[in-house]
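Remarks on the structure that follows.
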Amino acid sequence: MSQETKHSKETATSVHWEKSKNQEEKNPKDDFSWNTERNNNVPKYSGIDHGNSWMHSQAYEDLSPQSPHGHRRSSVLVGKRSMQLLEEFGEKEPKFVKFIIKIYNKWGFWITRFAWPAMISCILISVLAFIKISYTPQRNDLEGYSPFEARSRIEYDKYLNFFSGRGLAISTYLYITAKDGNSMLRQSHLNDTIKVLHLAANNITLYDPITRNNQSFNQFCREFCNINEPVLQFYNAYMVQKWNVDNGDRPNPYLRLHYPISTLFGREISIQPYFFGVELYNGNETKEDIGEEREGMHQLFGNDTNIDLLVAWNETHPAVTNMKSAKMISLQLRALQNSQWSKDDMKQWEMNVVHFFENYQSEHLTVYVVSTTYIEEEMVRAGISLLPYLTAGFIIMCTCSVITVMVRAAYMHQNNIFKVFLAVMACATPLLACSTALAILFLCGMRFSSILCVIPFLVLSIGIDSSYLMIHEWQRVTKEIRDGEKKSGTVGHRMSEVLSEVGPAILISAITNILADAVGCFTSSPEIRLLCIGNLFSMFMAYLYQMSFYSGLMSVVGKFEIAAEKNEDNITNIAIQKTQVNIRKYSEITRKNSRFHDKSKLYISKYMRVYVNIIAHASIATLIIVLYITYIIISVWGITRMNISLTPQKLFAADSPLIKLDKLRIKYQIPFFTMASVFVETPGDLSQKLPLFLMNNMVQDFENIDGSWGPTGTMYFVRDFALFQSFLQSEHDYDFDSLDDVSTTTINPGDVLKFNNDDLANFLTWPEYDFWSSFVQLQNLSTDGKKKKLKRFFFTTAYHDENLKEWTIRGKLLKRWRAIVDKAIYESFHASVFHEDAIFLDLIDNMPTDTWQSIAGTLICMAAVCFLFLRNMLTVIIATASVLSVSIGILGILSWWNVELDPISMAAMIISTGFSVDIPAHVAYHYCKANEQSTPQARLGNCLTSVGFPAVQAALSTILCVYSLWFAGIYMSQVFVKTMVTSVILCNLHGLVVLPAILSIVHRVRGRFDQNKTYSTPAERAVNKRLKQIRKRMAKTAEMQGSNGHQPDLKMDRPPIPEFSIIP
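Be aware that the sequence shown starts at 1, since it is given in full-length UniProt numbering, and climbs by one per residue.
So, in structure tokens, the structure goes:
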């Protein structure tokens, strides 16, 4: 005894106590030996492996004929075990899948052999990729969300072409509002507004490489320099009137500060493009109504103004202007690009304007700056703002991954520090792959758009599922080796087993995701195409990294695990049985399961049985189907009410000033002044009456549209030119009194049909009309340039309507504009309509078509992949129908969630559809492969034990990772969160609730139908009913005997057998 004890001290660190045989014979109730023998004769439904699964099949062989798959558990989807089971029971093996498994089998040995070179190569490439991405500037294109074939793109090209192809190099708007939110028609506010204009025009400079001097806007501007002249003229007239009032003089009757047209010494100027949120007097106020308006007059002219004296000079109120208030004033800074300016110089100047007024301090005003450059910069800032949330998402994913992997490892009695490392690297692998993919695309010339910043979140949340499958399969293979079901092999053998089992499932998931992105690549929006290309290549690279980097990492870690196991096997195990000591090697005995494993196995088996019985119950299943039909109806209803729009504010961060400005524009500008610019490429010879008549008629067609301001809101040079010609031919002098009764809106119609090309050049140089030179382009007819004719021009016309706040109403208005220029009688003019929001309005008609085509393309691709790998038509139909149902649900729920249909939401739906096929396909495949004679509970138990934990784990990790984007406060990120969370929840509900309920009902209906066919006579049906009652009593008797006569031994690796209800 002493020698044996000494030997045990030298070689052992653990002691296991075992009962003697006599004791076991005396206490037969303390083990499951009765159950073991009985289980060997009990048929098992497909997919259940005693000791590896959480459930077992029903109790009696005569109640459930043996499954062709025997007691061994099949693969997660299609794998080596599934193929072996098919081969054993004579079913036809899909040759393509068999070939794929063979490739994975060889790859497992190869990657184990070259694990370190593969890992080091991937890491080096990823590091270089990170460097490339960090030095790649982001560039956004506002037109990128407009379809390729959109008419707005052609119209924008013509707009640029009008300005000699150079475009508006500088196009900056200043929107000015009062800090207190009240009217801008106050002396202090008007004074500060003019001050802002002078600061913008004189204090912000641009370097001129020719003169080597910094030039202000007033110095380098050549065209559109006087575009803000109406505001200055209004302010000067206001100061004159105020000076007259302050000095007790009568206001100048030639200064009429009216909206929308002001008359200054007989010259009409339109102030519509500058004053927004205008409230007008009715125009019929009398002296009795003056008391109610004194405050407004005091604000305009000062508190010391003698209002009574001012009113006495005027028969009606208001005395000077018909505007009660104006909430916002707009100023414009426009200049065409010069050859010595680079594009970067122009952008820098526009950003200098933004920075200048960000730091500008005013007591009364708030200044908002908007330009194309600033919009692009804000889009870039929105994308960059997502990066901190990527870090948060990565930490959340790591935490979730470590917890779920370690719980599973503890259940399998394989928890060690190596599992923590694998769980963390499972999160890092998709990010390494994503960086590599994006860097390669940037090297190939793809633009780094801000929308690409969401790709790391998508790849991380989707790509980690493959790592989970590999970890779980490694644990299963390890357990089989420990239990003696397989011979202990090398790391290469284990890796080969892992990849042969889960490789096809990983490949199917990768292909479905890639094909979903490929469908998105054919959408008509360039930005969404960039997103889908980036995500497609990232998912492809994630698959390559999974097979190379992570497989190699698992091989390396596996070597350490095997070494640790061998070290434990060398521990001498002392089994003391009464008076004798038996020394054996640890490898020769069965490794005991942990208490956590045994207890959790019992609980999981119990609750899984309860869940399956509930889902498969006829009443519950029927209720689920009714709720599912309700879900479809509500979703379809939501789709019908879904709005279509993409506003610029959706592209900015939550704290962007442009979001507030966009709201102000919608509130104050768009309902009062929505402008269309009509570019006429070939006006022809307007000196001829017919072309001029048609041109005037086309302008009038625009003015006859509902909501038009009419001639007062139209900037059409022909009318001023006609007025100019009439004065040249008149005998009286050009004095104010003669101008008092003449305006462009009341001109003699006969004069409008007069057009002399010889006077056009003089007209454009006349001080009162020189601003028209920006609207009109002339063509030289002589070498000396003295003789010219009209080449092309554009005019603008304005509209007002409170309903124009809605994008659909603006879209209809845009169609009416285009319908006018498309008329056959105006075809010779080659006219086109330019509107700033047209690139977004064109989405209204394009989005529904893109959406249903994308869904249809995705369904076809998913069906093709399922059929290629599964070769089961019922599975293909179920999986495809589930994808369609999920897609309908996504759109419907997003509609009720106040998400509008736009390229961003459509792209999110397409991408999320790619992984919505996984769980339904798994459930359908396992259900169809189960024994057709088994009960619905048994077949559903087969499905859920195979799919349940991976589905919940993947759903949890995906939701937690993506949800970190919610806090970014960006529309784009929040739409992806809403879409992907909705998709994950719907996918799991379809796979774990809806499909089981539908399949159980189908099974019942089919069983009833088959029964009626088999037992055609009443006597046969009565005998069959009696046999079923006898079987039920036998099952209940056996259950009572088992529960009363035996107590479970938690040391055994078997849960109690789930007793499913027997359904014919």
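Glycine included, each C-beta is placed from N, C-alpha and C at the ideal position.
Asked	Found
Beta-bridge partners of residue 1107, as assigned by DSSP	Residue coverage of the chain in this structure runs from 1 to 1064, which leaves residue 1107 outside it and unanswerable.
Backbone secondary structure at Phe834 - three-state DSSP	strand
Span of the alpha helix (DSSP H) around Gln475	Ile455 to Arg482
Candidates Lys327, Ala938 and Lys786: closest to Thr366 by CA position	Lys327
Touch test, the segment 348-360 against the segment 424-444, Cβ-Cβ under 8 Å, three pairs minimum	no
Under the three-state DSSP convention, the category Lys95 falls into	helix
Beta-carbon spacing of residue 1070, Asp845 below 9 Å	Nothing can be reported for residue 1070, as the shown portion of the chain is limited to 1 through 1064.
Cβ-based burial, Glu565 [other Cβ within 10 Å; buried from 16]	buried
9 Å Cβ cutoff met for Pro260 and Ala798	yes
Where the beta strand (DSSP E) through Phe275 begins and ends	Phe275 to Leu280
Length of the line joining the Cα atoms of Glu358 and Leu190	20 Å
Sequence ranges, alpha helix (DSSP H) only - wholly within the segment 360-420, length at least 4	372-384 and 387-411
Outcome for Arg1054 when other beta-carbon atoms lying within 10 angstroms are tallied against a minimum of 16	With a pLDDT of 37 at Arg1054, under the threshold of 50, the modelled position of this residue cannot be trusted, and the question is left open.
Beta-carbon gap between Ala831 and Phe717 smaller than 9 Å	no
Expected contact under 8 Å - CB spacing of His364 and Ser188 to nearest Å	5 Å
Bridge partners - Leu255, DSSP secondary structure assignment	Leu264
Same chain only: Cβ atoms within 8 Å of Val491, ignoring 5 sequence neighbours per side	Thr112, Ser555, Gly558, Lys559 and Ile562
Beta-carbon proximity check, Phe755 vs Val776, cutoff 9 Å	no
DSSP three-state assignment for Leu989, whether helix, strand or coil	helix
Which of helix, strand or coil DSSP assigns to Ser216	strand
Beta-carbon proximity of Pro683 to Phe915, cut-off 9 Å	no
Inside the segment 528-572 only - beta strand (DSSP E) runs reaching at least 3 residues	none
Simplified DSSP state of Ser270, which is helix, strand or coil	strand
Inter-residue Cα distance where the pair is Ala924 and Ser854	24 Å
Buried versus exposed call for Val127 [16 or more other C-beta atoms within 10 Å across all chains shown]	exposed
C-alpha distance - Val369 paired with Pro273, whole-angstrom precision	16 Å
Environment of Ile893 [buried if 16+ CB atoms lie within 10 Å]	buried
According to DSSP, residues forming a beta bridge with Lys788	Asn780
Assigned secondary structure, Val699 (DSSP; H/G/I helix, E/B strand, else coil)	helix
Where the alpha helix (DSSP H) containing Ala863 begins and where it ends	Leu843 to Leu870
Asp208, enclosing beta strand (DSSP E) - first and last residue	Thr205 to Asp208
Which listed residue (Ile624, Val320 and Ser325) has its alpha carbon closest to that of Pro996	Ile624
The alpha helix (DSSP H) enclosing Leu965, as first and last residue numbers	Looking at the DSSP string, Leu965 is not in any alpha helix (DSSP H), and its letter there is neither H nor E.
Simplified DSSP assignment, three categories, for Gln688	coil
Limits of the alpha helix (DSSP H) - the one that Lys650 falls within	Looking at the DSSP string, Lys650 is not in any alpha helix (DSSP H), and its letter there is neither H nor E.
Leu531 to Met980 span [Cα, whole Å]	16 Å
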